[in-house]
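Asks:
Numbering (the numbering used here), first residue to last: 240 to 339.
1. Quick check on DSSP: helix, strand or coil for residue 386?
2. Compute the Euclidean distance between the alpha carbons of residue 319 and residue 308, then round it to the nearest angstrom.
3. Just the Cα atoms here: how many angstroms apart are residue 330 and residue 298?
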């Protein structure tokens, strides 16, 4: 009976040691997961801020492009008007004759 009791205590001791080891490993992995989760949240926040900055820059660039396009249209209209005025002054036709 004594050997059975010792055997039961040995099994209980081994089970206790394994339980403690598993708890320690779980605690470390849980803390590691928490730290990784926080790191990933910070990375997502940085990405979101970066995307907002890119959107703002994109809007600014679109505005600049539209202004440049308007200026180009004005310049082309002015250039065309000056060419037509030059042709009129020189006696040239302002449009091409219809060729058949």
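C-beta atoms are modelled at their ideal positions from N, C-alpha and C, and glycine is treated no differently. Note that the structure is predicted; figures quoted are calculated from it, not measured.
Replies: Let me lay it out:
1. Absent from the structure is residue 386, since the part of the chain shown begins at 240 and ends at 339.
2. 16 Å
3. 48 Å
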